[in-house]
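**Q**
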Amino acid sequence: MDNNNLSWGVNQGYATQGGRGNVNLMASYEGGSGQINGGYSYDSHQQRINYGVAGGVIAHAGGVTLSQSLGETIALVKAPGAKGIDINNNRGVKTDGRGYAVVPYISPYRNNAISLDTTSLPDDVELELTSQTVTPTRGAVVVARYQTKIGQRVMMTLLRANGEPGAVWCHGQRRRQPE
27 MDNNNLSWGV NQGYATQGGR GNVNLMASYE GGSGQINGGY SYDSHQQRIN
77 YGVAGGVIAH AGGVTLSQSL GETIALVKAP GAKGIDINNN RGVKTDGRGY
127 AVVPYISPYR NNAISLDTTS LPDDVELELT SQTVTPTRGA VVVARYQTKI
177 GQRVMMTLLR ANGEPGAVWC HGQRRRQPE
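Position 104 of the sequence shown, counted from 1, bears residue number 130 in the working numbering, the numbering being contiguous throughout.
#1: If you count every other CB in all the chains shown that lies within 10 Å of the CB of ASP122, and 16 or more means buried, which is it?
#2: Could you pull the DSSP bridge partners for GLU152 from this structure?
#3: VAL151: which of THR174, THR159 and THR163 sits nearest, CA to CA?
#4: The beta strand (DSSP E) that contains TYR40, what's its start and end?
#5: Specify the secondary structure class of SER146 as computed by DSSP and reduced to three states.
#6: Looking only at DSSP bridge pairs, what is LEU184 linked to?
#7: With the cut-off set at 8 Å, would you say GLY78 and SER93 are in Cβ contact?
#8: For ASP112, does the count of other Cβ atoms within 10 angstroms reach 16, so buried, or fall short, so exposed?
#9: In chain order, which beta strand (DSSP E) runs of at least 3 residues are fully inside the segment 84 to 167?
#10: Buried or exposed, going by whether 16 or more other CB atoms sit within 10 Å of the CB of ALA170?
#11: Where THR91 and THR161 are concerned, what is the direct C-alpha to C-alpha distance, given to the nearest angstrom?
#12: Could you tell me which residues DSSP puts in a beta bridge with GLY82?
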């Protein structure tokens, strides 16, 4: 999987005396909206099923954003309209449908580079900057704002009926997402 956000394991044991054995199965997935895990184990005496979910919720001026478990100091990425962009060096963290993401566990009183993975940019999104540096105080929620341009680029070759290039004058306007 992308970003190595799925982990799993299988164990089996067997005791030669008494013929007792056991089996353990587990899986865990860590996505941008939290973590989910589950497991199953059994031996000659019992069976166990376990499961869990973990994550965080941030309410902000742009709405509510789900996240992985929150640290003491966090960054809120704001890239309006930029859906599904991976945040570098943060397994499973990507922008939601509105362009927000939460980066947990950033360091207080230090420069923290928050960078967006340009290989995950949708075709209709451009960013003026792909990295921001934030320096939060302890316990802060800092916002890393990214200017986005949403729209399609077009390149055309216009030909006259006889196949010669035609003269063209063009004026276009791109839509910029509000802050």
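Quick reminder that beta carbons are idealized off the backbone N, C-alpha and C, glycines included.
**A** Considering the structure as presented:
#1: Sequence index remark: in the sequence shown, residue 122 carries index 96 (1-based). ASP122 comes out buried.
#2: Walking along the sequence shown from the start, residue 152 turns up at place 126. DSSP, once it has assigned bridges, lists LYS175 as partnering GLU152.
#3: The residue given as residue 151 occupies position 125 in the sequence shown. Nearest C-alpha to VAL151: THR174.
#4: By one-based count along the sequence shown, residue 40 stands at place 14. Looking at the DSSP string, the run of the beta strand (DSSP E) that includes TYR40 is 32 to 40.
#5: The residue labelled residue 146 in the question sits at position 120 within the sequence shown. Annotated three-state conformation of SER146 is helix, per DSSP.
#6: Position 158 of the sequence shown, counting from 1, holds the residue named residue 184. In the DSSP output, where bridge partners are listed per residue, LEU184 has none listed.
#7: Residue 78 sits at position 52 when you count from the first residue of the sequence shown. Residue 93 sits at position 67 when you count from the first residue of the sequence shown. If you check the CB distance, GLY78 and SER93 do not come in under 8 Å.
#8: Reading the sequence shown from its first residue, position 86 is the one you call residue 112. It counts as buried.
#9: Entirely contained in the segment 84 to 167, the beta strand (DSSP E) runs reaching 3 residues are, in chain order, 89 to 93, 100 to 104, 126 to 129, 138 to 141, 151 to 153 and 157 to 160.
#10: Start at 1 with the first residue of the sequence shown, and residue 170 comes out as number 144. Buried: at least 16 other Cβ atoms inside 10 Å.
#11: The count along the sequence shown starts at 1 and reaches residue 91 at position 65. The count along the sequence shown starts at 1 and reaches residue 161 at position 135. About 21 Å.
#12: For the purposes of this step, residue 82 is taken as residue 56 along the sequence shown, with counting starting at 1. DSSP, once it has assigned bridges, lists SER93 as partnering GLY82.
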